[in-house]
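For reference, the structure is listed below as structure tokens.
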Amino acid sequence: NAGVTQTPKFRVLKTGQSMTLLCAQDMNHEYMYWYRQDPGMGLRLIHYSVGEGTTAKGEVPDGYNVSRLKKQNFLLGLESAAPSQTSVYFCASSLLAGGHTGELFFGEGSRLTVL
Amino acid sequence: SQQGEEDPQALSIQEGENATMNCSYKTSINNLQWYRQNSGRGLVHLILIRSNEREKHSGRLRVTLDTSKKSSSLLITASRAADTASYFCATVKKTTDSWGKLQFGAGTQVVVTP
Numbered sequence: 001n002a003g004v005t006q007t008p009k010f011r012v013l014k015t016g017q018s019m020t021l022l023c024a025q026d027m028n029h030e031y032m033y034w035y036r037q038d039p040g041m042g043l044r045l046i047h048y049s050v051g052e053g054t055t056a057k058g059e060v061p062d063g064y065n066v067s068r069l070k071k072q073n074f075l076l077g078l079e080s081a082a083p084s085q086t087s088v089y090f091c092a093s094s095l096l097a098g099g100h101t102g103e104l105f106f107g108e109g110s111r112l113t114v115l
Numbered sequence: 001s002q003q004g005e006e007d008p009q010a011l012s013i014q015e016g017e018n019a020t021m022n023c024s025y026k027t028s029i030n031n032l033q034w035y036r037q038n039s040g041r042g043l044v045h046l047i048l049i050r051s052n053e054r055e056k057h058s059g060r061l062r063v064t065l066d067t068s069k070k071s072s073s074l075l076i077t078a079s080r081a082a083d084t085a086s087y088f089c090a091t092v093k094k095t096t097d098s099w100g101k102l103q104f105g106a107g108t109q110v111v112v113t114p
């Protein structure tokens, strides 16, 4: 049981390049999330999904797009990377809405550097 | 803006000592959760306490919640070197919809020396 798997784990981009981060979960969870973690700022929610085919904006969605074509996958895209998007990105999933049952399961993170 | 803020930002203790960290938040919550993050790893859920609960235990962890002061504390008893990690509180605001978004604080970095 792998849980939540993120790929790639590391990536270096040049300003203006595009890329996609892939998150896969094998727990049949409905809810999936993308967070970014920056020093001294905790985790901030970028986008989330409450089920297959749905996406919604979090608190810092600008510059990112997401898709949830399959229940087990949640993709985070950067169309034109900027240095401000240098961060560690975490994907998470939960069986039910976080507000009611809690527990989020996190991936190991994807460290992105934009030069 | 962050809903939860942990205090202290960093804590250094010796093995066997207790570690206490606090979390303050701004608005009414549905529940509050604590997570641990080892260096270079993802977050791991430790414990959830609901707004109508005052105290919960899980192994060497004790969490308290004081909704009148909008604060929570996490106590790790008899700490071990393996407890070295960052600890985050995450709050879920009370809302009228069914969705509850977690908001994370900046974390407390705990170092336990042998």
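Residue numbers (our numbering), protein chains in the order written: chain A, 1 to 115; chain B, 1 to 114.
Note that beta-carbon positions come from the ideal geometry of N, C-alpha and C, so glycine has one too.
Range of the contiguous beta strand (DSSP E) that encloses residue i
i	result
Thr55 (chain A)	Here Thr55 (chain A) belongs to no beta strand (DSSP E), and DSSP marks it neither H nor E.
Arg36 (chain B)	Ile29 to Gln37
Thr108 (chain B)	Thr108 to Thr113
Met21 (chain B)	Ala19 to Tyr25
Thr84 (chain B)	Thr84 (chain B) -> no beta strand (DSSP E), and no H or E assigned at all.
Gln37 (chain A)	Tyr31 to Gln37
Ala10 (chain B)	Ala10 to Gln14
Ser110 (chain A)	Ser110 to Val114
Lys56 (chain B)	Glu55 to Ser58
Gln103 (chain B)	Leu102 to Phe104
Gly77 (chain A)	Asn73 to Leu78
Met19 (chain A)	Met19 to Gln25
Gly107 (chain A)	It is not in any beta strand (DSSP E) - Gly107 (chain A) carries neither H nor E in the DSSP assignment.
Leu61 (chain B)	Leu61 to Asp66
Gln6 (chain A)	Val4 to Thr7
Ala92 (chain A)	Ser87 to Ser94
Span separating the alpha-carbon of residue i from that of residue j
i	j	result
Thr113 (chain A)	Val12 (chain A)	5 angstroms
Ser68 (chain B)	Phe10 (chain A)	43 angstroms
Leu102 (chain B)	Thr91 (chain B)	5 angstroms
Ser1 (chain B)	Ser79 (chain B)	In this predicted model, Ser1 (chain B) has a pLDDT of only 47, less than 50, meaning its place in the structure is not dependable; the value taken from the coordinates is given anyway. Approximately 32 angstroms between the Cα atoms of the pair.
Glu17 (chain B)	Ser73 (chain B)	16 angstroms
Pro83 (chain A)	Gly63 (chain A)	11 angstroms
Glu53 (chain B)	Gly16 (chain A)	49 angstroms
Thr108 (chain B)	Gln37 (chain B)	10 angstroms
Phe136 (chain B)	Gly42 (chain A)	Any property of residue 136 (chain B) remains undetermined from this structure, which presents chain B solely from 1 to 114.
Thr70 (chain B)	Ser18 (chain A)	A small correction: the amino acid at residue 70 (chain B) is Lys; Thr does not occupy that position in the sequence shown. Each residue's alpha carbon lies about 42 angstroms from the other.
Gly59 (chain B)	Thr20 (chain B)	15 angstroms
Gly39 (chain A)	Leu11 (chain B)	Reading the sequence as shown, one finds Pro at residue 39 (chain A) and not Gly. Near 17 angstroms, if we compare the C-alpha coordinates of Leu11 (chain B) and Pro39 (chain A).
Arg36 (chain A)	His57 (chain B)	30 angstroms
Ile76 (chain B)	Leu61 (chain B)	5 angstroms
Lys57 (chain A)	Leu45 (chain A)	8 angstroms
Ala81 (chain B)	Tyr35 (chain B)	17 angstroms
Gly53 (chain A)	Tyr31 (chain A)	11 angstroms
Thr55 (chain A)	Val66 (chain A)	7 angstroms
Val88 (chain A)	Pro8 (chain A)	11 angstroms
Glu55 (chain B)	Leu65 (chain B)	6 angstroms
Ala2 (chain A)	Ala81 (chain A)	29 angstroms
Val4 (chain A)	Leu115 (chain A)	28 angstroms
Thr27 (chain B)	Cys89 (chain B)	14 angstroms
Contacts of residue i in chain B (Cβ-Cβ under 8 angstroms)
i	result
Leu76 (chain A)	Those within 8 angstroms of Leu76 (chain A) in chain B number zero; the least Cβ separation is about 15 angstroms.
Under 7 angstroms by beta carbon: chain A residues contacting residue i
i	result
Gly42 (chain B)	Phe90, Phe106, Gly107, Glu108 and Gly109
Within chain A, the residues that residue i reaches when beta carbons sit closer than 8 angstroms
i	result
Ala106 (chain B)	Gly40, Met41 and Gly42
His45 (chain B)	Gly102, Glu103, Leu104 and Phe105
Closer than 7 angstroms at the beta carbon, the chain B residues around residue i
i	result
Leu45 (chain A)	Lys101
Glu52 (chain A)	Here the premise fails: no neighbours, minimum Cβ distance about 16 angstroms.
Discussion item. When you compare the region 105–114 of chain B with the region 46–61 of chain B, are there three or more beta-carbon pairs, one atom per stretch, that lie closer than 8 angstroms?
Written reply: no
Worksheet item: Do three or more CB pairs link the region 64–76 of chain A to the region 5–15 of chain B at distances below 8 angstroms?
Response: no
Worksheet item: Does the pairing of the region 80–92 of chain B with the region 22–30 of chain A give three or more beta-carbon distances under 8 angstroms?
Response: no
Practice prompt. With 7 angstroms as the limit, tell me which residues of the region 27–43 of chain A have their beta carbon closer than that to any beta carbon of chain D; keep them in chain order.
Written response: The chain labelled as chain D is not found among the protein chains of the depicted structure, namely A and B.
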